[in-house]
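A.B. asks: Here's a structure for you.
In UniProt numbering, the protein residues as written are 1 to 298.
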């Protein structure tokens with residue numbers, strides 16, 4: 001059953017808009033998923049200005065999970081990694097004690113393209129928030145897929161339904177990409193205590209009840225499966241996992257300690273966080289402080 005429906009809120013990132021779903025005032029996290037942005041769909045013409053790019057910026061305390069349906073993004077980070085991200089690949093960057101990265105639209109600038117994807121942040125569990133930063137790029141062949149009864153599925157990250165994706169996660173979770181034909185049904189996993197369904201495009205009913213359409217996330221009640229019923233050709237993401245406890249979030253920083261976030265802000269303001277090796281000529285400045293600091297999320 002549906003516990004809560006969250007509508008995406010449009011956010012301008014300085015060159016294109018995203019639909020932000022998490023965090024939300026009434027539901028800040030789903031399992032360890034602390035942030036969920038739907039990028040696009042947007043047509044990027046050849047010759048787009050560099051101001052559309054996401055300049056170097058920092059993270060702590062999370063893994064970022066970037067997954068595209070269309071287009072290409074060039075990732076560069078302070079670990080020395082440069083990686084083009086393409087559809088059906090997983091870009092999993094673990095910030096831990098601190099990492100910086102940029103996201104550039106270089107192929108779009110040369111050729112033009114359509115961009116659509118999801119970027120999620122997965123909070124690191126207690127005791128692992130300060131691990132060394134790392135990077136994984138996982139190709140589609142390392143992601144389990146299946147086709148059954150009008151459902152084409154891919155396990156993007158985590159473990160569920162007897163499958164395990166080739167992504168090294170740090171807490172129990174599942175993250176599924178499903179393409180459903182009209183009339184197809186899919187029963188959501190119950191491996192983990194919290195879960196949600198997000199509609200990328202199309203229209204579904206959950207448990208033959210309230211319709212759920214483009215840009216909406218249904219947070220599901222704990223402990224029982226729900227059935228997704230496609231009313232038209234539909235793309236959904238099914239996410240969930242085990243809670244990791246309260247987290248503070250401010251700008252790009254996530255931590256169980258507000259003091260740790262203040263330290264990260266001071267480090268970025270003072271230039272103590274290394275910029276990406278191949279992209280160190282500009283960066284995003286720290287936004288002005290908010291007063292008072294935001295409450296922790298759980």
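A virtual CB, placed ideally from N, CA and C, is assigned to each residue, including glycine.
How many Å lie between residue 281 and residue 47 at the Cα?
C.D. replies: Position 281 of the chain shown, counted from the first residue, corresponds to residue 281. Position 47 of the chain shown, counted from the first residue, corresponds to residue 47. Taking the straight line from one Cα to the other gives about 21 Å.
A.B. asks: Nearest-angstrom Cα distance between residue 166 and residue 228?
C.D. replies: Position 166 of the chain shown, counting from 1, holds the residue named residue 166. Position 228 of the chain shown, counting from 1, holds the residue named residue 228. The alpha-carbon atoms of residue 166 and residue 228 are separated by roughly 26 Å.
A.B. asks: Three or more beta-carbon pairs under 8 Å between the stretch 210-224 and the stretch 167-186, yes or no?
C.D. replies: Counting Cβ pairs under 8 Å, fewer than three are found: no touch.
A.B. asks: Three-state secondary structure (DSSP) at residue 264?
C.D. replies: Position 264 of the chain shown, counting from 1, holds the residue named residue 264. It is helical.
A.B. asks: For residue 249, write down the residues that DSSP places opposite it in a beta bridge.
C.D. replies: Numbered from 1 along the chain shown, position 249 holds the residue referred to as residue 249. DSSP output for residue 249 lists 254 as bridge partner(s).
A.B. asks: Excluding the 5 residues flanking residue 299 on each side, which residues of the same chain have their C-beta closer than 7 Å to its C-beta?
C.D. replies: Since the first and last residues shown for the chain are 1 and 298, residue 299 lies out of range.
A.B. asks: Where does residue 270 land, buried or exposed, given buried means 16+ other C-beta within 10 angstroms?
C.D. replies: If you number the chain shown from 1, residue 270 lands on position 270. Under this definition residue 270 is an exposed residue.
A.B. asks: What separation, rounded to the nearest whole angstrom, lies between the Cα atoms of residue 276 and residue 265?
C.D. replies: To locate residue 276, count along the chain shown from 1; it is residue 276. To locate residue 265, count along the chain shown from 1; it is residue 265. Roughly 18 Å between the two C-alpha positions.
A.B. asks: Find out if the Cβ-Cβ distance for the pair residue 120, residue 61 is shorter than 8 Å.
C.D. replies: Residue numbering aside, residue 120 sits at position 120 when the chain shown is read from its first letter. Residue numbering aside, residue 61 sits at position 61 when the chain shown is read from its first letter. Not closer than 8 Å, so no.
A.B. asks: For residue 18, does the three-state DSSP call read helix, strand or coil?
C.D. replies: For the purposes of this step, residue 18 is taken as the residue at position 18 of the chain shown. Residue 18: strand per DSSP, three-state reduction.
A.B. asks: CA-CA distance, residue 254 and residue 168?
C.D. replies: As a position in the chain shown, residue 254 is number 254, starting the count at 1. As a position in the chain shown, residue 168 is number 168, starting the count at 1. Straight-line Cα distance between these residues: approximately 20 Å.
A.B. asks: Have a look at residue 132 and residue 218 and give me their C-alpha separation to the nearest angstrom.
C.D. replies: As a position in the chain shown, residue 132 is number 132, starting the count at 1. As a position in the chain shown, residue 218 is number 218, starting the count at 1. Near 34 Å, if we compare the C-alpha coordinates of residue 218 and residue 132.
A.B. asks: Classify residue 47 as helix, strand or coil using the three-state DSSP reduction.
C.D. replies: Looking up residue 47 in the chain shown gives position 47. Coil, per DSSP.
A.B. asks: Are the beta-carbon atoms belonging to residue 244 and residue 32 less than 8 Å from one another?
C.D. replies: Along the chain shown, one-based indexing puts residue 244 at 244. Along the chain shown, one-based indexing puts residue 32 at 32. Contact: yes.
A.B. asks: Within the continuous alpha helix (DSSP H) that includes residue 109, where are the two ends?
C.D. replies: Numbered from its first residue, the chain shown carries residue 109 at position 109. Looking at the DSSP string, the run of the alpha helix (DSSP H) that includes residue 109 is 106-111.
A.B. asks: Report the residue from 78, 111, 190 and 202 whose alpha carbon sits nearest the alpha carbon of residue 99.
C.D. replies: Mapped onto the chain shown, residue 99 falls at position 99. For the residues 78, 111, 190 and 202, the minimum Cα distance to residue 99 belongs to 78.
A.B. asks: Report all residues from its chain with a CB closer than 7 Å to the CB of residue 7; omit the five preceding and five following residues, and keep chain order.
C.D. replies: Sequence index remark: in the chain shown, residue 7 carries index 7 (1-based). Around residue 7: 215 and 216.
A.B. asks: Please tell me whether residue 10 and residue 53 are closer than 8 Å, where the distance is taken between their beta carbons.
C.D. replies: If you number the chain shown from 1, residue 10 lands on position 10. If you number the chain shown from 1, residue 53 lands on position 53. Against a cut-off of 8 Å, the Cβ pair of residue 53 and residue 10 comes out as no contact.
A.B. asks: For the candidate residues 156, 30 and 246, whose alpha-carbon lies nearest to that of residue 177?
C.D. replies: Sequence index remark: in the chain shown, residue 177 carries index 177 (1-based). That would be 156, whose Cα lies nearest to the Cα of residue 177.
A.B. asks: Which value, in whole angstroms, describes the spacing of the CA atoms of residue 134 and residue 73?
C.D. replies: Here the question's residue 134 lines up with position 134 in the chain shown. Here the question's residue 73 lines up with position 73 in the chain shown. Rounded to the nearest angstrom, the two C-alpha atoms are 19 Å apart.
A.B. asks: Nearest CA to the CA of residue 116: which residue from 107, 41, 125 and 147?
C.D. replies: What you label residue 116 is simply residue 116 of the chain shown in a count that begins at 1. Out of 107, 41, 125 and 147, 41 has the C-alpha closest to the C-alpha of residue 116.
A.B. asks: Nearest to residue 200 by CA position, among 234, 17, 102 and 139, is which residue?
C.D. replies: Counted from its first residue, the chain shown places residue 200 at position 200. It is 234.
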